[in-house]
Amino acid sequence: MENRQIRVLVVDEYPLFRKGITDVLASHPDFQVIGATADDKTALSLLSLKPDLLVLDLDAQGFSPTDLLSEVKYRLPSCRTLMLLNKAESSQVLMQAIRLDANGFILRTVSTDEFIDQLKLVHSGGMAASDKITAHESTEETSKRPFHYAAPYQS
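Printed below as a string of structure tokens:
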């Protein structure tokens, strides 16, 4: 039995970064990019294609990434979400995305291999987080969370 490709929707305001993500995924046999956009309205219309995974720019300025995340979780609860961050420092937006049940948080500085591994982890039901993000977990705001995130196990 052949495995179905993981259907990915990419939402990122930076055209070069968006193209880089789609090119990396297109070159990998496990993934199929079903759409890539810079805005929330187009992203919502692309939900009709039923992505398995949403890669979302958490630092977007042209729209509210947490509003988009909330709407995606409402319209397509089965869609897993991986949030991209520019820096590891905790922010209100990051905390809101955690409360909205985003499934992963990675920095834009990750390697291509780590990006692919984290996407697979999120798709399989795991929680992905860049090591630098989890290192900030000791802050007072994040310590109030009722659960803990960990980087994937490395043997």
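Our numbering puts the last residue of the sequence shown at 179; the count rises by one with no breaks.
Every residue gets a Cβ at the ideal spot worked out from N, C-alpha and C, and that includes glycine.
Here the structure is a predicted model, which means the values were calculated and not measured.
Simplified DSSP assignment, three categories, for residue i
i    : result
F129 : strand
M107 : strand
D63  : coil
D81  : strand
P39  : helix
F87  : coil
D47  : helix
H147 : helix
V134 : coil
K74  : coil
L92  : helix
S69  : helix
DSSP bridge partner residues for residue i (one or two, in chain order)
i    : result
V57  : V32
A152 : G128
Beta-carbon proximity list for residue i, same chain, < 8 Å, skipping 5 on both sides
i    : result
L71  : L33, V96, R99, L100, C103
H147 : I30, D76, L77, R104
Rounded distance between the beta-carbons of residue j and residue i, thought under 8 Å
i    : j    : result
Q142 : L106 : 7 Å
I58  : L82  : Actually they do not touch by this definition, with Cβ atoms about 21 Å apart.
Same chain only: Cβ atoms within 6 Å of residue i, ignoring 5 sequence neighbours per side
i    : result
D64  : F87, L92
S135 : none
L40  : none
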